[in-house]
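A quick write-up on the structure given underneath.
Residue numbers (the working numbering): 1 to 75.
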């Protein structure tokens, strides 16, 4: 296994713990839900959505770069 594969694997494993890292937001949502409110029902999913966007952008850039590179090599 080369260094890039190992780094990618560690990155994937490390992101599994990021679900509960926004302690203040989580505490506010739990308090709101405990009191019967529904203001923060989708907050945790929104945080995960925003966290995923940079990774998706980097992935799309990498795929685009790969196809451009292979296209130039074939010609």
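By construction, the Cβ of each residue, glycine as well, lies at the ideal position given by its N, Cα and C atoms.
What residue range is occupied by the uninterrupted alpha helix (DSSP H) comprising residue i?
{"i": "residue 32", "result": "23-34"}
Looking at C-alpha atoms only, which residue of the options is the closest neighbour of residue i?
{"i": "residue 47", "options": "7, 29, 69, 6", "result": "29"}
Using only the alpha-carbon positions, how far apart do residue i and residue j sit?
{"i": "residue 8", "j": "residue 2", "result": "10 Å"}
{"i": "residue 69", "j": "residue 10", "result": "27 Å"}
{"i": "residue 27", "j": "residue 13", "result": "25 Å"}
Report, in whole angstroms, the separation of the C-beta atoms of residue i and residue j, which I expect to be a contact under 8 Å.
{"i": "residue 40", "j": "residue 33", "result": "7 Å"}
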